[in-house]
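Structure, as structure tokens:
Residue numbers (the working numbering): 55 to 168.
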């Protein structure tokens, strides 16, 4: 038996702004938009072979719901050409949290915020 991540879900404050961010920065494609109740909107984005779910929950959602926090720590997005991707993101106005670095041999990364 094997396991893999089917999708990652992020709760966001502004669904359209977050959707636009992932489209602009990573060429994500909208797969599906849906309303899930009176105050819950969801967008599924395709990002390469992965799926990213963005969820916006308005004030009318149930306050007892256990998922009342925004976001999570981070998403790792892999590319086959780090330097070109870094230059492309920089040209698009990415908000980097420092310079690229190599935490271990063969791994190059940089953090950015939405």
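Positions of the beta carbon are idealized from the N, C-alpha and C atoms, including for glycine.
Bear in mind that the values here come from a model prediction, so they are computed numbers and not experimental data.
Residue i (DSSP reduced to helix, strand or coil)
{"i": "residue 69", "result": "helix"}
{"i": "residue 58", "result": "coil"}
{"i": "residue 131", "result": "coil"}
Backbone CA spacing between residue i and residue j [nearest angstrom]
{"i": "residue 134", "j": "residue 163", "result": "12 Å"}
{"i": "residue 137", "j": "residue 103", "result": "21 Å"}
{"i": "residue 97", "j": "residue 89", "result": "9 Å"}
{"i": "residue 87", "j": "residue 143", "result": "25 Å"}
{"i": "residue 65", "j": "residue 146", "result": "24 Å"}
Residue of the options minimising C-alpha distance to residue i
{"i": "residue 75", "options": "59, 157, 158, 148", "result": "148"}
{"i": "residue 166", "options": "65, 58, 80", "result": "80"}
{"i": "residue 67", "options": "159, 78, 94, 88", "result": "94"}
Residue environment, residue i, which counts as buried when at least 16 other CB atoms sit within 10 Å
{"i": "residue 73", "result": "buried"}
CB contact check: residue i to chain B, cutoff 9 Å
{"i": "residue 87", "result": "No chain B is part of this structure, which consists of one protein chain only."}
Original post:
Curious, which full-length alpha helix (DSSP H) runs of at least 4 residues does the stretch 133–166 contain?
Top reply: 136–145
Subject >> Whole beta strand (DSSP E) elements within the stretch 75–117, 3-residue minimum >> reply: 83–89, 94–101, 104–111
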